[in-house]
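This report concerns only the one structure given below.
2 protein chains.
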Amino acid sequence: MPEPGETPDVFHAIAEPKRRHILDLLLEGERPVQALVAEFDVSFAAISQHLRVLREAGLVARRIDGRKHVYSAEPEALDTVLEWTARYRPLWRKRLGRLGRHLDGQ
Amino acid sequence: MPEPGETPDVFHAIAEPKRRHILDLLLEGERPVQALVAEFDVSFAAISQHLRVLREAGLVARRIDGRKHVYSAEPEALDTVLEWTARYRPLWRKRLGRLGRHLDGQ
DNA sequence: ACATTAATTTAGATATAACTTAAATATTAA
DNA sequence: TTAATATTTAAGTTATATCTAAATTAATGT
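As they're listed, the protein sequences go chains A and B. Just so you know, we're using my numbering here: the first sequence kicks off at 1 and counts up by one. Just so you know, we're using my numbering here: the second sequence kicks off at 1001 and counts up by one.
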C-alpha cells in the first residue's frame, strides 16, 4: 500500500522514475490506465498505485468514462517545484553569467 | 524505461524535506556541518548522511578547512530538474494563458 | 442474471530510507 | 603524546516504498 505521506508531496511524487515516465506519457495526451501499463514491465496494480500517488500530489487528473479511467497531466502542480528551483537561479546566474540570465528569460 | 540509480539521482535527493532545507540554508552561503546540524532536531550523523546524498547528487560541494568540512550549494545540479519541469511549460502555458507566458520569460 | 472488462484496494513480501548509537578518522590544542 | 573537536562511517533498528497476487468494485455485454 503506497501510503502517500500526510501532505500531497509533489517532490516525493516525481522522485520515482516510473512516475516521471507516466507524466511524460501523459504530456502527449490523456490515456486510460491500460495504455500506461503497456509501457512498463510491472503489474497493472503497480501502475494504479503510482497513479494514486500522482493524483494525490495533484499531478494528474482522472476522468471516468464508463469503465475506463482516463488520466491526464496537471502540470500546474509542478509550480511548487519550479518555484523552489527558481530560488536557486540568482546563485546560478552569478556563477554562469550570461547563460544564467538567458535561462532566467531576461 | 528510466532505471533508478542510473545516475546520482537529483530528484531523489530533493524529495526529502530536510535535504531541501539544507540546500535552502546553503543558499545563503557556505556552512560547516555543525552550523547545519544546529537547525535540525536530529543527530549530527543524520545530517552528515543527508549531506552525502546531496554531494553524490552533485547538489553540494565540500571544502575541507582544517577539521571543518564546509559545504556550499551547487545549483547547477538542479538543471536536470529544471529541464524536466520545463518540458511541461507548453501545456501549462496553453492552460494558463498570459501567466504561463510570463513564467516562460516571454 | 452472469460473465467479462477495467481499474482499485488490500494483504503481505522484500527493498530501500532514515534514524540512532558507537566506533573510526583526522585535525588542532595542551 | 594525550585530549578535545569536527566529521564520517558502520551496525543495527524502525519506518516507508514498491512490488505481486488475490479480493473487490463498477460498468458493459450476452
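In this text, a Cβ means the ideal position worked out from N, Cα and C, and glycines have one as well.
C-beta atoms of serine 48 of chain A and valine 70 of chain A nearer than 8 Å: no
Same chain, Cβ closer than 6 Å to lysine 1068 of chain B, neighbours up to 5 away in sequence not counted: Pro1032
Members of the segment 1076-1089 of chain B that neighbour chain A once the beta carbon cut-off is set at 8 Å: Glu1076, Leu1078, Val1081, Leu1082, Trp1084, Thr1085, Arg1087, Tyr1088, Arg1089
Proximity to valine 1087 of chain B [Cα-Cα], best of A:Arg87, A:Ala61, A:Arg63, A:Glu76: Inspection of the sequence shows that residue 1087 of chain B is occupied by arginine rather than by valine. Arginine 1087 of chain B has its Cα closest to that of A:Glu76, out of A:Arg87, A:Ala61, A:Arg63, A:Glu76.
Glycine 58 of chain A: CB within 7 Å of a non-hydrogen atom of the ligand MN: The ligand MN is absent from the structure shown, which contains no ligands of any kind.
Positions along the segment 58-76 of chain A whose CB lies within less than 7 Å of some CB in chain B: Ala73, Pro75, Glu76
Chain B contact residues for leucine 27 of chain A, given Cβ-Cβ distances below 9 Å: Think of a sphere of 9 Å around the beta carbon of leucine 27 of chain A: the chain B residues whose beta carbon falls inside it are Arg1087, Tyr1088, Pro1090, Leu1091, in chain order.
Contacting residues, own chain, Cβ-Cβ under 7 Å from aspartate 9 of chain A (five flanking each side not counted): For aspartate 9 of chain A, where only same-chain residues beyond five positions count, the Cβ hits under 7 Å are Ala57.
Cut-off 8 Å between Cβ atoms - residues of its own chain near valine 60 of chain A, not counting five sequence neighbours on either side: Ile22, Leu23, Leu26, Leu51, Leu54, Tyr71, Ser72, Ala73, Glu74
Enclosing alpha helix (DSSP H) for aspartate 24 of chain A [first to last residue]: 17-27
Minimum Cβ-Cβ distance from isoleucine 1047 of chain B to chain A less than 8 Å: no
Distance, serine 1043 of chain B Cα to leucine 1078 of chain B Cα: Between leucine 1078 of chain B and serine 1043 of chain B, the C-alpha separation is close to 27 Å.
Nearest residue (CA-CA) to alanine 1015 of chain B, options A:Pro90, A:Ala35, A:Val81, A:Ile64: A:Val81
Cβ-based neighbour list, arginine 19 of chain A, same chain, cut-off 7 Å, excluding 5 preceding and 5 following: Ala13, His50, Val53, Leu54
For phenylalanine 40 of chain A and glutamate 28 of chain A, the rounded distance between their alpha carbons: Going by the C-alpha atoms only, they are around 17 Å apart.
The alpha helix (DSSP H) enclosing isoleucine 1064 of chain B, as first and last residue numbers: That residue, isoleucine 1064 of chain B, is in no alpha helix (DSSP H); its beta strand (DSSP E) goes 1060-1065.
Sheet register partners of alanine 73 of chain A (DSSP bridge): A:Val60
Residue range of the unbroken alpha helix (DSSP H) whose run includes aspartate 1079 of chain B: 1079-1086
Per DSSP, the bridge partner or partners of arginine 1055 of chain B: Answer is none; arginine 1055 of chain B lacks a bridge partner.
Where the alpha helix (DSSP H) containing phenylalanine 11 of chain A begins and where it ends: 10-13
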